[in-house]
Amino acid sequence: MCRFLLLLLVVPVMMLSCTKSSTTANTSYDAGSDVFRGTYVQAGYQADTLVVSVTNGKPSLFYNSKAYRDNISGPAHPELQTFEYEFKDGKIGVRPINSQISSFVYYDFSWVVAGKTFKIQAMAIQPSLNTASSFCTFQKVQ
């Protein structure tokens, strides 16, 4: 009986001591001051573009790949290729743009030439890739 009472006291204390954190996008995002915003082509394969813009007031990445444009199996669904993003601790966090998922998944990101060329872990924009060692380099065209 004492163990049961002790358990009743310990469990609520443990639950109250834990905190959950959810990453939410900054609702006052200022796209005009974002050096990342623009259109990029993939270095070495310029048929693939990455459009960094604002969708529904959120900073977004749209991976407009040739494979996406040439999709013959059905209609195009841009929402499946569009991701909300944020930067944190030198990494880029992404999540589907119209999703109820509240947390970002973080990937490696680095500027090769600040504001012009960057390298990103491919899984950030191509979640179907199952390799953490693949990277894409993009160059700004506008």
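For the sequence shown, the numbering used here gives the first residue as -7, with consecutive numbering after it. Glycine is no exception: its CB is placed at the ideal position from the N, C-alpha and C atoms.
First through last residue of the beta strand (DSSP E) which encompasses residue i
i      : result
Ala124 : Taken as a continuous stretch (DSSP letters only), Ala124 belongs to no beta strand (DSSP E), as it is neither H nor E.
Asp81  : Counting along the chain, Asp81 falls outside any beta strand (DSSP E), and DSSP gives it neither H nor E.
Val104 : Val97 to Val105
Glu28  : Position check: residue 28 holds Phe in this sequence, whereas Glu was assumed. It is not in any beta strand (DSSP E) - Phe28 carries neither H nor E in the DSSP assignment.
Gln113 : Thr109 to Gln113
CB of residue i within 9 Å of CB of residue j, strictly
i      : j      : result
Phe130 : Asp100 : no
Lys80  : Gly107 : no
Thr31  : Ile89  : no
Tyr98  : Ile84  : yes
Thr123 : Ala114 : yes
Ser95  : Gly82  : no
Val44  : Asp62  : no
Val86  : Leu121 : no
Contact belief for residue i with residue j at Cβ below 8 Å, rounded distance in angstroms
i     : j     : result
Glu76 : Lys58 : So it is not a contact: roughly 23 Å between Cβ atoms.
### Query
For the region 34 to 64, which segments carrying the beta strand (DSSP E) assignment without a break, of at least 3 residues, lie completely within its bounds, in sequence order?
You should have 37 to 47 and 50 to 56.
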